[in-house]
Amino acid sequence: MVEEVSSLISGFIEMHENFLSQFQEVGIFIDLMLLILLGFLYALFIWKLHRFVATKNFLGKYFEKITQSSNEFTTKLIYLIEYLIISPFLIFFWFLIFSSFLILLTEIQEIKVILIISTIVIATTRMSSYYNEELAREIAKILPFTMLAISIINPTFFNIERVLRRLDLLPLIFNEMFFYLLFIIILEAILRFFGFIFTLFDLEEDVGN
918 MVEEVSSLIS GFIEMHENFL SQFQEVGIFI DLMLLILLGF LYALFIWKLH
968 RFVATKNFLG KYFEKITQSS NEFTTKLIYL IEYLIISPFL IFFWFLIFSS
1018 FLILLTEIQE IKVILIISTI VIATTRMSSY YNEELAREIA KILPFTMLAI
1068 SIINPTFFNI ERVLRRLDLL PLIFNEMFFY LLFIIILEAI LRFFGFIFTL
1118 FDLEEDVGN
């Protein structure tokens, strides 16, 4: 699978070089548009999902109507599905997309470093959401947008071939990500446990202030 992707990317790079040699001015325009599109998609991803990932109970409003009209057993089953299946899947999705963007935008060669950065950003945001959601939203915006700014002011960012070659690294995420994803999920479970304890003893407001 990895070899097939690498072969496909190599062919695309060769085709891009041939096109650029024949139509240099048009090629530069297309490269610029592709880089702008990459930056836009990253910014759009962060803007659309930062509120979601920075919300303590990010699925609460979607299940509230269902649980209100359900019996006790159904309600417990829904919460079990939410916490054990849906929440980990959504965290996995956010983690995967964010890590992929970091690979394309930065020059970091080691996948582990990329995954550590993603883990720190997501885990810090989730932990902050249990303390103060406004703080979590700021973290979910500022850290990723700072990385985008650092990438743009790097002269090598404007080399589209660099971005294309780094597509080779994307499949490697799946080989390395399990430990970091498991860490985030376990942290989320711990945070939910303490959140439940604080709610049980009416300590939540004191902690958030």
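Numbering (the numbering used here), first residue to last: 918 to 1126. All C-beta atoms in this analysis are idealised placements derived from N, C-alpha and C, irrespective of residue type, glycine included.
With a cut-off of 8 Å on the beta carbons, I'd call residue i and residue j a contact; round off their distance for me.
{"i": "Ser1017", "j": "Ile1090", "result": "7 Å"}
{"i": "Val1080", "j": "Leu955", "result": "7 Å"}
{"i": "Leu952", "j": "Phe1062", "result": "With a Cβ gap of about 17 Å, Leu952 and Phe1062 do not count as contacting."}
{"i": "Glu1105", "j": "Ile1008", "result": "7 Å"}
Might you give, ordered along the chain, the residues of its own chain that have their beta carbon closer than 7 Å to the beta carbon of residue i, omitting 5 neighbours on each side?
{"i": "Ile1031", "result": "Ser1016, Leu1019, Ile1020, Ile1025"}
{"i": "Ser1046", "result": "Ala971, Thr972, Lys973, Ala1053"}
{"i": "Trp964", "result": "none"}
{"i": "Leu1086", "result": "Ile1020, Ile1028"}
{"i": "Asp1123", "result": "For Asp1123, the predicted model reports a pLDDT of 49, less than 50, meaning its position is unreliable and no value from the coordinates is stated."}
{"i": "Phe1010", "result": "none"}
{"i": "Ser1068", "result": "Leu1022, Thr1023, Phe1074"}
Where does the unbroken alpha helix (DSSP H) through residue i begin, and where does it stop?
{"i": "Thr1036", "result": "1028-1048"}
{"i": "Leu1019", "result": "1004-1022"}
{"i": "Ile1081", "result": "According to the sequence as given, residue 1081 is Leu; it is not Ile. Residues 1077-1082."}
When we look at the beta-carbon of residue i and count the other beta-carbons within 10 Å, is it buried (16 or more) or exposed?
{"i": "Leu1065", "result": "buried"}
{"i": "Leu961", "result": "exposed"}
{"i": "Tyr996", "result": "exposed"}
{"i": "Leu958", "result": "exposed"}
{"i": "Glu1027", "result": "exposed"}
{"i": "Thr1023", "result": "buried"}
{"i": "Asn1126", "result": "For Asn1126, the predicted model reports a pLDDT of 48, less than 50, meaning its position is unreliable; a value from the coordinates is still stated below. Exposed, because fewer than 16 other Cβ atoms sit within 10 Å of the Cβ of Asn1126."}
{"i": "Phe1012", "result": "buried"}
{"i": "Ile1034", "result": "buried"}
Looking only at its own chain, which residues have a Cβ that is under 6 Å from the Cβ of residue i, when we skip the five neighbours before and after it?
{"i": "Ala1057", "result": "His967, Val970, Ala971, Thr1042"}
{"i": "Tyr1097", "result": "Leu1032, Thr1036"}
{"i": "Gly1112", "result": "Tyr1047"}
{"i": "Leu1060", "result": "Val1038"}
{"i": "Ile1107", "result": "none"}
By Cβ distance below 8 Å, which residues in the same chain neighbour residue i in space, the five residues on each side in sequence not counted?
{"i": "Arg1083", "result": "Ile1020, Leu1021"}
{"i": "Lys1029", "result": "Glu1093"}
{"i": "Phe946", "result": "none"}
{"i": "Arg1109", "result": "Tyr1000"}
**OP:** Kindly confirm or deny that the region 1099-1108 and the region 1038-1053 touch, where touching means at least three C-beta pairs closer than 8 Å.
**Re:** yes
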